[in-house]
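S.K.: Our numbering numbers the first residue of the sequence shown as 1 and each following residue consecutively. Every residue gets a Cβ at the ideal spot worked out from N, C-alpha and C, and that includes glycine. All figures in this text were calculated on a predicted structure; none of them were measured in a lab. Just dropping this structure here.
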Amino acid sequence: MSFQHPADSPATTSFGTLTTGNGNPVQNNQTSITAGPQGQVLIQDFHLIDKLAHFDRERIPERVVHAKGAGAHGYFEVTNDISHLTCAKFLNKVGKRTPIFARFSTVGGEMGSADTARDPRGFAVKFYTEEGNWDMVGNNTPVFFIRDPIKFPDFIHTQKRNPQSHLPSSDMFWDFLSLVPESIHQVTILMSDRGITKDYRHMNGYSGHTLALVAADGSYKFVKWHFKTKQGVECLHAKEAAIIAGSDPNYATRDLFDSIEKGDYPAWDVYVQVVEPEQVDKLGFDLFDITKVLPHADFPLIPVGQMVLNRNPENYFAEVEQSAFSPSHMVPGIAPTTDRMLQGRLFSYPDTHRHRLGPNYLQIPINAPISGINNHQRDGLMTINGNSGSKPNYEPNSFGGPYQSNIVGTVIPIGMPVSGNIGNYTYQLTDADFKQAAALYNIFDDAHKDRLAGNIADGLSGAKVFIQKRQLDIFYKVDKDYGVRVERELRTRGSKI
Ligand code: HEM
1 MSFQHPADSP
11 ATTSFGTLTT
21 GNGNPVQNNQ
31 TSITAGPQGQ
41 VLIQDFHLID
51 KLAHFDRERI
61 PERVVHAKGA
71 GAHGYFEVTN
81 DISHLTCAKF
91 LNKVGKRTPI
101 FARFSTVGGE
111 MGSADTARDP
121 RGFAVKFYTE
131 EGNWDMVGNN
141 TPVFFIRDPI
151 KFPDFIHTQK
161 RNPQSHLPSS
171 DMFWDFLSLV
181 PESIHQVTIL
191 MSDRGITKDY
201 RHMNGYSGHT
211 LALVAADGSY
221 KFVKWHFKTK
231 QGVECLHAKE
241 AAIIAGSDPN
251 YATRDLFDSI
261 EKGDYPAWDV
271 YVQVVEPEQV
281 DKLGFDLFDI
291 TKVLPHADFP
301 LIPVGQMVLN
311 RNPENYFAEV
321 EQSAFSPSHM
331 VPGIAPTTDR
341 MLQGRLFSYP
351 DTHRHRLGPN
361 YLQIPINAPI
371 SGINNHQRDG
381 LMTINGNSGS
391 KPNYEPNSFG
401 GPYQSNIVGT
411 VIPIGMPVSG
421 NIGNYTYQLT
431 DADFKQAAAL
441 YNIFDDAHKD
451 RLAGNIADGL
461 SGAKVFIQKR
471 QLDIFYKVDK
481 DYGVRVEREL
491 RTRGSKI
């Protein structure tokens, strides 16, 4: 018997005849083939078996961090000439537009977690340039908790679930932070009124790391990237965030999608802060330490362009879930620096992509460069781009295969000096590690300082007393008043410190 659409919801568009994965017309999508009216289901029912088998394999591993996110397409447009700083072709002319895809995310939560968590937000942008893709993989905060990649897996474990109880744990979270005092700058941002962004449109994005821009003559300068929201920064207080988490956990995802759907396109102004190589040793802190910001007074924002998001994905899984950003996806004219965390990330992202999406993740349409791929890589799981046909698969060769560009300024060395012997050089904690947190604390007004202390105490009071004490020492070290307020709030919550 043929299947009819329910009369009360007639289809407005016809997508044609249903087919199996291999394109055969499906005769019946409502009833399995059985041996007689009461008999078993038959193995010859390819459509049934293929449907169930495909469903059984629908989930791929979620991102180990930044699992919950939303994305959109748009463009980047150059508004100010910085071609004296970089040979990157997508930046070489005012008015030039480059297609982009952006993904925003929370960090610690799983795929189904609430959008309004107190957590930094990921801010990842893929630029599909004429020289391949550049991924700017930043956050909505300009600093980070740690400054050595070897600490990252441990740090992330403390944000996830306790291995026994499977519950978030204040002990794990605050134990780690109190033993890693360089986290205090980021902790102060996270617990302040800036700690819960309202949604993805009302937040800034930062590279965090210091990257390099390389000019055509091979000279380089150091830069930090800033994406300033044109919608204005808006954040939520803890109580508002908790209410929204209960009533609409997909609040930020919905906001981004609906805004774009109704033509209200979010936009960001893009800037760089520029540091001359000669200035690096005179800053009073390590430029390549991601727990530090560059003061705007000394290093003003130089405009570069604007980014606009004006098209929603057609399919979430294909475009957002399968998108794979990496700080190591760079174009000539943008280069990495000695920042240790950045160096660790250059490895970690493509590694996780090969695990999450397979060795040919760069062939998936959302990740494939529009400028094309022309190399000697071949074969592997899910080769879907024709595998370069009959072209030579080795170099050097005498048959016209692709050859190297010799363009200066890409990931190859750009003459940055290094010195010393190989070793495990531990970052020593210095006063500079508390200064920027103190400066930030002291721009907050009285009421804000109280809310900051209250937010900290809400979480910290759930940790063991010895952990509370150790973390409290860090607040006192930043500023006595900071310590006093947190101590008071802890006592109000019954702490026995
Ligand atoms: C996602 C590792 C630090 C921003 C990820 C993922 C990994 C990872 C494995 C999942 C990627 C995927 O499955 O596609 C690391 C390591 C770090 C580090 C090892 C330190 C050594 C940072 C920092 C920032 C950052 C400092 C920001 C400045 C992001 C963003 C995403 C992400 C935005 C989500 C990208 C997307 O939307 O797909 N990170 N991360 N990470 N990370 Fe990191």
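For residue 485, collect the residues of the same chain with a Cβ closer than 7 Å to its Cβ; drop the 5 residues on either side in sequence, then sort them by chain order.
M.R.: 449, 450, 453
S.K.: Nearest to residue 235 by CA position, among 194, 175, 251, is which residue?
M.R.: 194
S.K.: Which of the three DSSP states is assigned to residue 212 in this structure?
M.R.: strand
S.K.: Do you know how far the Cα of residue 291 is from the Cα of residue 120?
M.R.: 14 Å
S.K.: Is it right to say residue 31 is buried, meaning 16 or more other beta carbons lie within 10 angstroms of its own, or is it exposed?
M.R.: exposed
S.K.: What's the gap between the Cα of residue 58 and the Cα of residue 17?
M.R.: Rounded to whole angstroms, residue 58 to residue 17 spans 23 Å at the Cα level.
S.K.: For ligand 1, is there a heavy atom less than 8 Å away from the beta-carbon of residue 341?
M.R.: yes
S.K.: Just to confirm, are residue 361 and residue 327 a CB contact at a threshold of 9 Å?
M.R.: Residue 361 is not a Cβ neighbour of residue 327, given a cutoff of 9 Å.
S.K.: Quick one: what does DSSP say residue 498 is sitting in, helix, strand or coil?
M.R.: The requested residue 498 does not occur in the structure, where the chain is confined to residues 1 to 497.
S.K.: In three-state terms, what does DSSP make of residue 460?
M.R.: helix
S.K.: Taking 8 Å as the cut-off, is the beta-carbon of residue 122 closer than that to any non-hydrogen atom of ligand 1?
M.R.: Flag set: Cβ of residue 122 near ligand 1.
S.K.: Could you tell me if residue 317 is buried or exposed, where buried requires 16 or more neighbouring beta carbons within 10 angstroms of its beta carbon?
M.R.: Around the CB of residue 317, fewer than 16 other CB atoms lie within 10 Å, so the residue is classed as exposed.
S.K.: If you reduce the DSSP assignment to three classes, tell me which class residue 251 lands in.
M.R.: helix
S.K.: Taking 8 Å as the cut-off, is the C-beta of residue 69 nearer than that to any heavy atom in ligand 1?
M.R.: yes
S.K.: Less than 9 Å between the beta carbons of residue 181 and residue 460, yes or no?
M.R.: no
S.K.: Is there at least one Cβ from chain C nearer than 9 Å to residue 169's Cβ?
M.R.: In the structure shown, chain C does not exist; there is a single protein chain.
S.K.: Can you tell me whether residue 293 is buried or exposed? The criterion is at least 16 other CB atoms within 10 Å of its CB, across all chains shown.
M.R.: buried
S.K.: Assuming residue 308 is part of the beta strand (DSSP E), what are its boundary residues?
M.R.: 302 to 311
S.K.: Since residue 271 contacts residue 228 with CB under 8 Å, what's their CB separation in whole angstroms?
M.R.: 7 Å
S.K.: Note down, one range per segment and in chain order, each alpha helix (DSSP H) of at least 4 residues found wholly within the region 30 to 118.
M.R.: 46 to 56
S.K.: Is any heavy atom in ligand 1 found nearer than 8 Å to the beta carbon of residue 370?
M.R.: no
S.K.: Between which two residues does the alpha helix (DSSP H) harbouring residue 354 extend?
M.R.: Element bounds for residue 354: 340 to 356.
S.K.: Should residue 112 go down as buried or exposed, given a rule of 16 or more other Cβ atoms within 10 Å for buried?
M.R.: exposed
S.K.: Determine, using beta-carbon pairs with one atom in the region 73 to 85 and one in the region 303 to 312, whether at least three such pairs fall under 8 Å.
M.R.: yes
S.K.: What would DSSP say about residue 168, mapped onto helix, strand or coil?
M.R.: In the three-state reduction of the DSSP assignment, residue 168 falls in the strand class.
S.K.: To the nearest angstrom, how far is it from the Cα of residue 371 to the Cα of residue 434?
M.R.: Using only the alpha carbons, I get a separation of about 46 Å.
S.K.: Give me whichever residues DSSP pairs with residue 136 in a beta bridge.
M.R.: 125
S.K.: Going by beta-carbon coordinates alone, are residue 274 and residue 156 separated by less than 9 Å?
M.R.: no
S.K.: Which stretch, first to last residue, makes up the alpha helix (DSSP H) that contains residue 435?
M.R.: 432 to 441
S.K.: Under 9 Å, do residue 188 and residue 175 count as touching if we go by C-beta distance?
M.R.: no
S.K.: Quick one: grab the DSSP three-state call for residue 229.
M.R.: strand
S.K.: What do you reckon, are the CB atoms on residue 367 and residue 133 nearer than 9 Å?
M.R.: yes
S.K.: Beta-carbon within less than 7 Å of residue 208's beta-carbon, same chain only, minus the 5 sequence neighbours each way: which residues are those?
M.R.: The answer, listed in chain order, is 138, 139, 142, 143, 144, 290.
S.K.: Where residue 269 and residue 230 are concerned, what is the direct C-alpha to C-alpha distance, given to the nearest angstrom?
M.R.: Distance between the alpha carbons of residue 269 and residue 230: 7 Å.
S.K.: Which partner residues of residue 161 appear in the DSSP bridge assignment?
M.R.: 168
S.K.: Identify whether residue 222 lies in helix, strand or coil by the three-state DSSP scheme.
M.R.: strand
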